[in-house]
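Heads up: the sequence lines are chains X and G, in that order. Taken in order, the first sequence gives residues 806 to 969; the numbers are from this note's numbering. Taken in order, the second sequence gives residues 806 to 969; the numbers are from this note's numbering. Glycine included, every Cβ here is placed at the ideal spot set by N, Cα and C. Here the structure is a predicted model, which is why all the values come from computation and not from measurement. For reference, the structure is listed below as structure tokens.
Number of protein chains: 2
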Amino acid sequence: MRAARQGAGRPAARPRARRRKPELPRVDLGPLETSIGYRPRRAQLAVFEDAIRVFGEAGLRPGSFSVLLVIGRNPGLKQSDVCAALGIQRTNFVGLIDTLESRGLVARRRAANDGRSYALHLTAAGKRLVAHAMKLQRRHDAALARKLGPGGRDELLDLLGKLT
Amino acid sequence: MRAARQGAGRPAARPRARRRKPELPRVDLGPLETSIGYRPRRAQLAVFEDAIRVFGEAGLRPGSFSVLLVIGRNPGLKQSDVCAALGIQRTNFVGLIDTLESRGLVARRRAANDGRSYALHLTAAGKRLVAHAMKLQRRHDAALARKLGPGGRDELLDLLGKLT
DNA sequence: TATTGTTATACTCTATAACTATA
DNA sequence: TATAGTTATAGAGTATAACAATA
């Protein structure tokens, strides 16, 4: 392929010995190659890195997107509920929700029946941002689903469901 | 089931109204439920948490295990090679390999042909530890594979391979 | 000039203990 | 006494910039 594109005028040179090619050694990963712990992790990290970039376009991180999304779909939830649903610790949630509140995306309202907790709601701006971020997410997710082929997504989710 | 085990002597009481049941609300995760970015991440985190516990029995973390394993299978590799193979940054590798060296598990030998790099090797103790940790890893991995059912592991690895 | 290993540094995510106010 | 939210803090993991020695 390469040689064919060199043009007719030049003498047919064999591929130049590029000086000191990077020369990455083939590395044997042993049992990591087929480990259910290792490769899935690498794959997930790659997908997550993509997600960070995608949500970055909306000024969000994957975590803050999931929080906004859950609040939007379940208005009135208290902080602990969101934490339990998303696997976030209450203590680490405070800073996250503080930021979202100070950005005017979320409102904390004192719960009517329990003075200890807050009922969480999206503001109008929060709803707009979630709608926008969801579009980005749908596109990203569809691209991944395409890579998996028909039925691939369901298969993958089914398999992973068995792990937990 | 529960009532049947209450014994014949007691009056048949209906299940006690446990006071203030936790009462976790059903939370709608919306598109996260089927997202290729979200559920796989949660599943991976759960598996990884298990792995931390498993390798902890050998005084290792998943990362240090993978480093020892790769060095054991590819003796003489330089630091950059291990980093490239495992997706670790050179700069973050230094502390990791320092620890493994100070624990007497890895030896850094000046490379014969390149005074800049080290050739990495396992010590005898390193080899013993890797052998032990591999047994733990095999057991853990086999348990996960069992959950996935026959052919499940290959399917999973195949699908994830398509993502990257 | 480029590469290898290194230091220093910072940022994110996660984890634990302890406090307060309500229940 | 238990729960909801909070603060402070510490530990991983990861990211960038810059340097010395060597190629």
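Query, Result
"Candidates X:L834, X:E960, X:D946, of which the one nearest G:R878 by Cα", "X:L834"
"Contact between the stretch 905 to 912 of chain X and the stretch 950 to 962 of chain X (3+ Cβ pairs under 8 Å)", "no"
"Contacts around G:R914, its chain only, beta-carbon distance under 6 Å, and the 5 residues preceding and following it disregarded", "A924"
"Beta-bridge pairing of X:V911 - partner residues as DSSP gives them", "X:L927"
"Of the residues G:A890, G:K967, G:V899, the one placed nearest X:L837, counting alpha carbons only", "G:A890"
"Proximal residues to X:L968 (C-beta, below 8 Å), its chain only, five neighbours per side dropped", "I841"
"Beta carbon proximity, G:Y923 to chain X, threshold 8 Å", "no"
"Contact under 8 Å by Cβ, X:L910 with X:T896", "no"
"Beta-carbon proximity list for X:L953, same chain, < 7 Å, skipping 5 on both sides", "L961"
"Nearest neighbour of X:E828, chosen from G:K883, G:L873, G:F898, G:L949 [CA to CA]", "G:K883"
"Start-to-end residues for the alpha helix (DSSP H) that takes in X:R831", "Taken as a continuous stretch (DSSP letters only), X:R831 belongs to no alpha helix (DSSP H), as it is neither H nor E."
"Environment of X:A936 [buried if 16+ CB atoms lie within 10 Å]", "exposed"
"First and last residue of the uninterrupted alpha helix (DSSP H) at G:G957", "957 to 968"
"Contact set for X:L934: own chain, Cβ-Cβ below 8 Å, skip 5 residues either direction", "A863, G864, L865, L873, L910"
"Contact set between X:L905 and chain G, taken where Cβ atoms lie within less than 8 Å", "What X:L905 touches in chain G: nothing, since even the nearest Cβ is about 17 Å away."
"Assigned exposure category for X:Q894 - 16 Cβ within 10 Å defines buried", "exposed"
"Selection from X:V832, X:T839, X:R831, X:P830 that minimises the alpha carbon distance to G:A947", "X:T839"
"Other residues of its chain near G:I876: CB distance less than 8 Å, five sequence neighbours each side excluded", "L882, V887, V911, L925, H926, L927, G931"
"Interface partners of X:L837 on chain G, CB under 7 Å", "S871, L874"
"Among G:G900, G:S885, G:R944, G:G861, nearest to G:A916 - alpha-carbon criterion", "G:S885"
"Run of the alpha helix (DSSP H) containing X:E854, from where it starts to where it stops", "844 to 861"
"Integer Cβ distance of X:R844 from G:L965, believed to fall under 8 Å", "6 Å"
"Interface partners of X:V832 on chain G, CB under 9 Å", "V875, R878, N879, L882, D886, V887, A889, A890, L891"
"Under 8 Å between C-beta atoms of X:F853 and G:R846", "yes"
"CB contact below 8 Å: X:L961 versus chain G", "yes"
"For X:I841, the three-state DSSP class (helix, strand or coil)", "coil"
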